[in-house]
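Residue numbers (the UniProt record's numbering): 1 to 239.
Laid out in structure tokens, this is it:
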């Protein structure tokens with residue numbers, strides 16, 4: 001009928017497994033394999049580094065709970081952008097998305113891609129540092145490949161996310177299991193005077209928190225595709 005307006009809707013192709021894998025796969029990224037050494041070297045002691053990790057985990061959990069509530073109250077894709085648009089207005093939302101697209105997301109993607117590239121090319125340059133140009137080319141190639149996959153099919157992207165999540169979880173499980181075995185073997189010397197040498201400088205603690213929160217980053221990613229979930233539960237209670 002003339003005058004009817006058809007609303008453009010995203011296809012709901014992401015199920016519960018894909019959603020969980022999307023969050024877990026984003027959070028379990030390159031940061032968790034690289035940040036621990038920087039956190040430990042920055043704060044100067046194992047005990048203080050464990051406290052930093054616990055605080056970062058608590059902050060990430062609180063953020064995830066807040067976004068779970070926001071996702072049910074405002075069931076639209078876009079995460080921070082849509083929340084700012086609905087609360088603070090168009091100007092603030094535009095300023096955020098402008099800086100997000102031009103600065104924040106490219107910088108984050110570049111860091112992750114470079115980390116992946118270093119691991120990929122390391123076996124080919126055993127005993128020496130890989131050439132920066134090779135690392136940058138591999139990083140750029142990985143970004144291009146993932147961008148193409150996400151543009152072609154949500155299902156392909158979800159499948160790759162599930163596979164990579166399983167691989168990363170298994171890697172972390174092996175590392176954690178190795179640590180538990182070493183503890184049972186009596187290797188507890190790092191816990192003797194575990195807070196000795198702690199650096200309480202503001203800059204050191206700030207950098208340690210930055211590294212820890214970077215590892216936990218990703219708890220907000222599912223809200224970017226709320227409208228693509230197959231069975232989102234939306235309950236708005238007006239008291």
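The beta-carbon is built from N, C-alpha and C at its ideal position, and this holds for glycine as well.
query: Could you say if the stretch 218–228 and the stretch 109–122 meet the contact criterion of at least three C-beta pairs nearer than 8 Å?; result: no
query: List the whole-angstrom C-beta distance separating residue 92 from residue 104, where the pair is believed to meet the contact cut-off of C-beta under 8 Å.; result: Their Cβ separation, rounded to whole angstroms, is 15 Å, which puts residue 92 and residue 104 out of contact at 8 Å.
query: Three-state secondary structure (DSSP) at residue 156?; result: helix
query: Go ahead and pull the three-state DSSP assignment for residue 126.; result: coil
query: For a test of the three-state rule: what should DSSP assign to residue 79, helix, strand or coil?; result: coil
query: From what residue to what residue does the alpha helix (DSSP H) around residue 205 run?; result: 202–216
query: For the stretch 41–50 against the stretch 184–199, do three or more pairs of beta-carbon atoms, one drawn from each stretch, fall closer than 8 Å, so that the two count as touching?; result: yes
query: When the Cα atoms are used, what is the spatial distance from residue 16 to residue 150?; result: 19 Å
query: Where does residue 53 sit, in a helix, a strand or coil, going by DSSP?; result: helix
query: Buried or exposed: where does residue 167 fall if 16 or more other Cβ atoms within 10 Å of its Cβ makes it buried?; result: exposed
query: Could you tell me which of 26, 223, 174, 142 sits nearest to residue 67, measuring between CA atoms?; result: 223
query: Could you tell me the alpha carbon to alpha carbon distance between residue 1 and residue 78, rounded to whole angstroms?; result: Its pLDDT being 44, under 50, residue 1 is placed unreliably by the model, and the measurement read from it follows with that caveat. So the two alpha carbons sit approximately 31 Å from each other.
query: What does the alpha-carbon distance come out to for the pair residue 125 and residue 140?; result: 19 Å
query: Quick one: any contact between the stretch 151–165 and the stretch 22–37, if contact means 3 or more CB pairs under 8 Å?; result: yes
query: Ends of the alpha helix (DSSP H) at residue 93?; result: 90–99
query: Is residue 211 closer than 7 Å to residue 39 when the C-beta atoms are compared?; result: yes
query: Helix, strand or coil for residue 198 per DSSP?; result: coil
query: Using CA atoms only, rank isn't needed, just tell me which of 31, 178, 63, 89 is closest to residue 119.; result: 31
query: Determine the extent of the alpha helix (DSSP H) in which residue 112 is found, giving its start and end residues.; result: 105–121
query: So the candidates are 204, 129, 145, 228; which of them puts its Cα closest to the Cα of residue 155?; result: 228
query: Are the Cβ atoms of residue 42 and residue 204 separated by less than 7 Å?; result: yes
query: How big is the Cα-Cα spacing for residue 175 and residue 145?; result: 29 Å
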